[in-house]
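Report on the following structure.
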């Protein structure tokens, strides 16, 4: 039995789904890259596939929390804006892409959110940084007509009440569970959308 398990693991690592999407590489290098070595958001693979098929070059995208996804979005949309509290990490990301990085204090949710409230509206608002419940609360006011919200790590219990509040405002929830870069544990990236939305849902 254990021999079959070993063979199955070897086969999966060489030619299976995890190899095809680049997970083996991300696990080894501890960084979110696709199979060709390009940066990718730290979303579940089902969520990334879903968004990759629908992303439009005229979108504006706001990220709460900069990262490898910032590099990916900056290559696919008209404007990518990221709000980041870690100055060193913000500098690292800025040096690798043409996204607009806004450095903020992590002292309070109010400080963290303030730049987003005066930066216009967006096709996609991504919640993947600190103060996520507070980010979710203001996200609807940051959306264009048809805009959507993407919440990473949506399986976490601490975000449930904020998600339910959005559903109470008419948002629908599309949870996309599955493997994710680097981690050996599955996760969930959720999309919150209304009837009219940029994703064609």
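In my numbering, the protein residues as written are 12 to 212.
Think of the CB as a built atom: it goes at the ideal place given N, C-alpha and C, for glycine as much as any other residue.
In this text the structure is predicted, and so the values were computed from the model without any measurement.
Going by C-alpha to C-alpha distance, which of the options sits closest to residue i?
| i | options | result |
| --- | --- | --- |
| residue 71 | 56, 61, 88 and 141 | 88 |
| residue 94 | 129, 211, 192 and 204 | 129 |
| residue 205 | 159, 140 and 173 | 159 |
| residue 145 | 47, 169 and 67 | 169 |
| residue 164 | 47, 84, 141 and 48 | 141 |
| residue 143 | 152, 167, 78 and 83 | 167 |
| residue 155 | 135, 173 and 149 | 135 |
| residue 104 | 29, 76, 211 and 46 | 76 |
| residue 98 | 108, 90, 113 and 211 | 113 |
| residue 47 | 83, 181 and 96 | 83 |
| residue 151 | 139, 180, 172 and 171 | 180 |
With a CB to CB cut of under 7 Å and the five nearest residues on each side skipped, what residues in its chain are close to residue i?
| i | result |
| --- | --- |
| residue 122 | 115 and 116 |
| residue 59 | 51 and 52 |
| residue 198 | 55, 164, 166 and 191 |
| residue 208 | 157 and 159 |
| residue 81 | 74, 91, 93, 104, 108 and 110 |
| residue 61 | 187 |
Provide the residue span of the beta strand (DSSP E) that contains residue i, from first to last.
| i | result |
| --- | --- |
| residue 170 | Note, residue 170: premise wrong, no beta strand (DSSP E); not H, not E. |
| residue 85 | From DSSP, residue 85 is part of no beta strand (DSSP E) but of the alpha helix (DSSP H) over 79-85. |
| residue 113 | 111-114 |
Using C-beta distances below 6 Å, list every residue in its chain close to residue i, excluding the 5 sequence neighbours before and after it, in chain order.
| i | result |
| --- | --- |
| residue 137 | 74 and 161 |
| residue 19 | In this prediction, residue 19 scores a pLDDT of 46, lower than 50, which makes its location untrustworthy; no coordinate-derived value is stated. |
CB-CB under 8 Å to residue i, same chain, minus the five flanking residues each way: which ones, in chain order?
| i | result |
| --- | --- |
| residue 16 | No answer about residue 16 holds up, because its pLDDT of 44 lies below 50 and its placement is not dependable. |
| residue 133 | 70, 71, 72, 73, 92, 153, 154, 155 and 158 |
| residue 149 | 124, 127 and 128 |
| residue 176 | 147 and 148 |
| residue 22 | At residue 22 the pLDDT is 49, less than 50, meaning the model places this residue with poor confidence and gives no usable figure here. |
Which two residues bound the contiguous alpha helix (DSSP H) that contains residue i?
| i | result |
| --- | --- |
| residue 60 | 56-63 |
| residue 156 | Run containing residue 156: none in the alpha helix (DSSP H); it sits in the beta strand (DSSP E), 154-162. |
| residue 127 | 120-128 |
| residue 5 | The chain is shown from 12 up to 212; residue 5 falls before or after that span and cannot be answered. |
What do you reckon, are the CB atoms on residue i and residue j nearer than 8 Å?
| i | j | result |
| --- | --- | --- |
| residue 200 | residue 184 | no |
| residue 212 | residue 174 | no |
| residue 210 | residue 182 | no |
| residue 90 | residue 111 | yes |
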